[in-house]
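Working notes, structure below.
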Amino acid sequence: MRPLTWVGRGTAGTGDWGLGAGATYAARSGARGWGPGTGLAALLLLSACGRYADFTLPLSSGGDPKATYEWEPLSQPVLTRSEAWESHDVLNPSVLYGPPAPDSRSPLYNFYSGFDGHTWRTGLAISPDGFHWQKEGMVLGPDGQTWEGDYWATNGAALFDGHEFWYWYQAGPRSQPRLGLSRSTDGHTWRKQPLPVLMPGPRGSWDERGVADPYIFAAKPYLYLYYLGQNRAQQQRLGVARSRDGIHWEKFRSNPILELGNPGAFDENGLGEPAVWSARGFYWMLYTGRDVYENRRLGLARSTDGVHWQKLPAVYSGSQLWNSKVLCDPSILATDSEVRVWFGGGDVARPDENLDGQIGFAILRPADATSAGAH
């Protein structure tokens, strides 16, 4: 079986989301009916079965049907490879505002993925402006004595609830990954949930062979988790789930929400790494598309309810030598006037790793379809 290609990324949403209270409620409700005699195997079985529901996000309206975005990237990467644990690839940024510094300004935290040729781990970098980053080192790695295995604990989506960071990340068998959750008050020392919080689906489902590439969108009272699923035919598409506490998730019954492109399209070979935001009367999604040569580019889709999506003509490609083959892993901070994007780039067209990966920055400027072109 070909290695899975999940090699990004972040959170977006509307206002604060009460994760602190939600986590307390989750501890109580999660224990209901699970007495001392309930073993690990039973817990894993319950996780694997999962829950399904019909839902949408709050409806969005008033958007101009001609609305789109233009891509304005910096020419050079803003985060590059360095020490041993990230010597081969630096990818998968998840950028968000952290706790205020002593001067009351909130710095940007970037939980990103580093690869040393054998293992993917999560690192932290901090920046006052999104361009100049101070690396804090590796902060999260896989525990080979648990369900995580020893290949990866990375490719995550981070959220700060005002008190602590929440980080949904990818781990488990390389051939069938699942999603875990870890929490931290400082971004350096983490407390992991003992079991995965999102498992692959049942036999025959669209995501039975793995779930990955989490991205969190907050809209009270729910968190919405956009993610990649793979089936037994190795098709990689996008779906969504929702949760009130960040731990127990309901998958959308009609997943997947975004399908492969037509033959010859930039995304005919696989989709992944969604990043979702709300602006200008729509929900928007940047996502990675893979062609038959394993080149990766970013596509743009739009929705009014967060579950039914329309792909737009815009396709964004790398324009420099360092990202000439791969543009992937978007993480965004959005307003109505602009969308700041941190992304992964590489100069080797591969489906998984050893891409000479580095992290770049771009701005998406609002435009309309009559004036915008592909990049």
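According to our numbering, the sequence shown is numbered sequentially starting from 112. Where is the CB? At the ideal position from N, CA and C, for every residue including glycine.
Between leucine 235 and histidine 299, the C-beta gap is smaller than 8 Å, which places the two residues in contact. The Cβ-Cβ distance between tyrosine 427 and proline 385 does not fall below 8 Å. As for any alpha helix (DSSP H) of minimum length 4 sitting wholly inside the region 146–230, the runs are 151–160, ordered along the chain.
Taking every protein chain shown into account, the CB of phenylalanine 377 has 16 or more other CB atoms within 10 angstroms, so this residue is buried. Between arginine 192 and glutamate 361 the beta-carbon gap is near 39 Å, outside 8 Å, which marks them as no contact. Under the three-state reduction of DSSP output, leucine 334 falls in the strand class.
Between glutamate 197 and glycine 225, the C-beta spacing is below 8 Å.
The bridge partners DSSP lists for arginine 302 are Arg294. In this structure proline 325 is in contact with glycine 267, their Cβ atoms being roughly 7 Å apart against a cut-off of 8 Å. In this chain, the beta strand (DSSP E) harbouring tryptophan 277 covers 276–282.
Taking a contact to require three or more Cβ pairs closer than 8 Å, the region 386–394 and the region 411–422 qualify as touching. For the set Asn342, Ala352 and Gly340, the Cα lying nearest the Cα of phenylalanine 328 is the one of Ala352. Under DSSP, glycine 410 takes part in a beta bridge, and its partners are Tyr398 and Val426. Taking C-beta atoms as the reference points, arginine 355 and proline 374 fail to come closer than 8 Å.
With contact defined as three or more Cβ pairs closer than 8 Å, the region 164–172 and the region 456–466 are not in contact. Ranked by how close their Cα comes to the Cα of asparagine 406, the residues Asp458, Leu444, Ser365 and Pro441 have Asp458 in first place. Counting only the Cα atoms, glycine 291 lies some 8 Å from lysine 303.
Minimum Cα-Cα distance from isoleucine 474 among the listed residues Gln256, Asp447 and Asn342 corresponds to Asp447.
The three-state reading of DSSP puts asparagine 266 in strand, counting E and B together. Annotation for alanine 473: the continuous beta strand (DSSP E) segment containing it runs 469–479.
Taking C-beta atoms as the reference points, valine 201 and phenylalanine 472 fail to come closer than 8 Å. Residue range 245–251 is occupied by the beta strand (DSSP E) that includes valine 250.
Taken atom to atom, the span from the alpha-carbon of glutamine 287 to that of proline 311 is near 7 Å. Between tryptophan 420 and leucine 339, the CB-CB gap reaches or exceeds 8 Å. In the three-state scheme derived from DSSP, where H, G and I count as helix and E and B as strand, tryptophan 317 is classed as coil. If you check the CB distance, alanine 478 and threonine 179 come in under 8 Å. Of the residues assessed, glycine 372 falls on the buried side of the cut-off, its CB having 16 or more other CB atoms within 10 angstroms. Per DSSP, reduced to three states, the secondary structure at tryptophan 433 is helical. Excluding sequence positions up to five before and after phenylalanine 242, its CB lies within less than 6 Å of the CB of Val189, all in the same chain and listed in chain order. Between the beta-carbon of tyrosine 280 and that of threonine 257 there is about 13 Å, and that puts the pair past the 8 Å contact cut. Taking the C-beta atoms as reference points, serine 238 is found no nearer than 8 Å to tyrosine 223. Comparing alpha carbon positions, the residue from Gly252, Glu194 and Leu219 closest to aspartate 240 is Leu219. Excluding five sequence positions before and after threonine 167, the CB atoms of its chain that fall closer than 7 Å to its own CB belong to Asp416, Gly417 and Val418, given in chain order. Shortest Cα-Cα distance from leucine 397 to any of Trp301, Val403 and Trp388 involves Trp388.
Within the DSSP secondary-structure output, leucine 466 pairs in no beta bridge.
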